[in-house]
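Residue numbers (the working numbering): 13 to 136.
From the three backbone atoms N, C-alpha and C, an ideal C-beta is built for every residue, glycine too.
As the structure is a prediction and not an experimental result, all values here were calculated from the model.
What follows is the structure, encoded as structure tokens:
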């Protein structure tokens, strides 16, 4: 089951400049500030800056649909005609992502929160 788009990742070439711009835009400090990823949390949304996004083929921001079972959702979408761009991978702490594209080439991100994140979401 999809829980909606809750994460948007921007590919960036200069992480420091992008971080300064998004800090000014969002008016919050990053929730995650690492050399390989900077993430902001605003109004239930995760906004991420990925300095390796371009190298992975990202040409624009990518929205991620949060799902309960990424493997099941991935298979359902493949059967429905999607094409796999990036298979399921752990991006840290048990958080899983995958990227597909539809027949028009539009990219669709899937994100299964880490087990500890899923428990926290259920408590809300």
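DSSP state of residue i mapped onto helix, strand, coil
i           : result
residue 113 : strand
residue 39  : coil
Residue j beta carbon less than 8 Å from that of residue i
i           : j           : result
residue 52  : residue 38  : yes
residue 60  : residue 49  : yes
residue 86  : residue 100 : yes
residue 19  : residue 58  : yes
residue 119 : residue 103 : no
Among the options, the one whose alpha carbon lies nearest that of residue i
i           : options             : result
residue 21  : 91, 89 and 111      : 111
residue 115 : 92, 107, 106 and 88 : 92
Identified DSSP bridge partners for residue i
i           : result
residue 101 : 109
residue 75  : 20
Cβ-Cβ separation, residue j to residue i (assumed contact under 8 Å), whole Å
i           : j          : result
residue 123 : residue 77 : 7 Å
residue 140 : residue 70 : Since the first residue shown for the chain is 13 and the last is 136, residue 140 is missing from the structure and cannot be characterised.
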